[in-house]
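Notes follow the structure.
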Amino acid sequence: MPYRYFEDFAVGDTFPLPARQIDQPELIAFAQEFVALPFAQDAEAAATDQSNSAIASGWLVCAVFMRMFYDGVLAESSCLGAPGVDTLKWQRPVKPGDILTGRTTVLETRSSRSRPDVGILRLRQEVFDEAGEPVMWMEHPLLFGRRSASGGEEGSSGLAGGEPTGRLRPDRD
Amino acid sequence: MSAFDRIAVGEPRELGSHHFTADEIKRFATAYDPQPFHTDEKAASHSLLGGLCASGWHTGAVMMRTFVDFIDREAEQAKRRGEPPLRYGVSPGFDDLKWLKPVFAGDTITFTGEITAKRRSKSRPGWGILTVTTRGKNQKDEPVFTVTSHMFVATEDERADPHGERD
């Protein structure tokens, strides 16, 4: 995987995220620490109760996605962290043994208004189950360090920056 | 009046607190978010964030646990009053999650929740949707986290009859 700075991402770029299986012990351990809702936790009850079969907490799907995203993109990058998540939807339950895959799409790139050495991407993340059905999607900003610390990249207005340098779906916002 | 009918909109409630240790921050991050500022004190001290801090997804998961413990306590209190508890369904997702400040090793985060909207679902009879804004503050009273969550709740109480309808 090449090391990527802010400048190495272009609007429309997509990155496949490596497959990751959620197994029963992981699901149970996560639920015991963070969820403890009956429908997520009790494996024995789940085996006998169809309506309450063990499913992964949405927050475990988020955590597993984050590992997939790290392994697929962030590990070799100048990522500086995320201020938040604009929207997230959990679309389908994830069961133990499910193998998830994912995809990252770059929607927008823009300079940081306050920091000339930082750029901001807006990303769409999608997670799929084995059948290719959507399990979760989200859109969020993400900060990356610039290769050129001076911030003097073509198309960027440097210190006064804040103008989008590229955008997918220009009809939005 | 069902438990759903009794839900009060617009009243912030303290949900609970959690103390984040360096060990648990590193354990979560090693599994799910191994960026250096979440796993290594030295690297973190040189980062934008300023010190070893929790993955934002760890903070979210802790918020979930705090919320679940809260609704468990609420259910116990309802039981003592002889009232059926509110039944929760799945969450379809959330909006406007913000990691406002890092959650550092040693911080104690207190979460408060406020139901900002309550409505009956048009597409799922017997279910309503709550919109809940949850905020987290550290021990210095600084806001560190906020999110607007959506969750399904049953509009009718579960009947005492064990042969009655179950979702």
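Sequences listed follow chains L and X, in order. Sequential numbering from 382 applies to the first sequence in this note's numbering. Sequential numbering from 79 applies to the second sequence in this note's numbering. We put the beta carbon where it would ideally sit given N, CA and C, even for glycine.
- Below 8 Å, can you find three or more Cβ-Cβ pairs linking the stretch 479-490 of chain L to the stretch 435-453 of chain L? At 8 Å Cβ cutoff, the stretches touch.
- By how many angstroms is the C-alpha of X/Thr-186 removed from the C-alpha of L/Arg-528? Each residue's Cα considered, the two are about 36 Å apart.
- Task: Please name the residue in L/Gly-513, L/Leu-504, L/Gly-526 whose C-alpha comes closest to that of L/Glu-520.
- Result: L/Glu-520 has its Cα closest to that of L/Leu-504, out of L/Gly-513, L/Leu-504, L/Gly-526.
- L/Ser-438 versus chain X: which residues are under 9 Å apart at the beta carbon? Within chain X, the residues near L/Ser-438 are Ala-139, Met-142.
- Query: At a CB-CB cut-off below 8 Å, which residues of chain X make contact with L/Met-447?
  - Reply: What L/Met-447 touches in chain X: Tyr-110, Asp-111, Ser-133, Trp-135.
- Whose Cβ in chain L lies nearer than 7 Å to the Cβ of X/Phe-172? In chain order: Leu-469.
- Task: Quickly, what does DSSP pair X/Tyr-166 with across the bridge? List them, please.
- Result: Bridge partners of X/Tyr-166: X/Val-231.
- Task: Check each residue of the stretch 466-492 of chain L: if its Cβ is closer than 9 Å to any Cβ of chain X, include it; give the result in chain order.
- Result: When CB distances to chain X are screened at a threshold of 9 Å, the residues of the stretch 466-492 of chain L falling below it are Val-466, Asp-467, Thr-468, Leu-469, Lys-470, Trp-471, Gln-472, Pro-474, in chain order.
- Could you check what DSSP says for X/Met-79 in three-state terms: helix, strand or coil? X/Met-79 sits in coil when the DSSP states are folded into three classes, being neither helix nor strand.
- Message: Do X/Val-225 and X/Lys-215 count as a contact pair if the criterion is CB distance below 8 Å?
- Response: No. Outside cutoff.
- For L/Arg-496 and L/Gln-405, the rounded distance between their alpha carbons: In a straight line, the C-alpha of L/Gln-405 is about 44 Å away from that of L/Arg-496.
- Shortest alpha-carbon distance to L/Glu-407 belongs to which of X/Tyr-110, X/Arg-91, X/Ile-103? Here the closest residue by C-alpha is X/Tyr-110.
- Nearest neighbour of L/Thr-395, chosen from L/Leu-461, L/Glu-507, L/Ala-456 [CA to CA]: Closest option to L/Thr-395, Cα to Cα, is L/Glu-507.
- Are the C-beta atoms of L/Phe-415 and some chain X residue less than 8 Å apart? Cβ-Cβ to chain X under 8 Å: yes for L/Phe-415.
- Message: For a contact defined as C-beta to C-beta under 8 Å, what are the partners of L/Pro-497 on chain X?
- Response: One finds nothing in chain X with a Cβ atom closer than 8 Å to the Cβ of L/Pro-497; even the nearest lies about 14 Å away.
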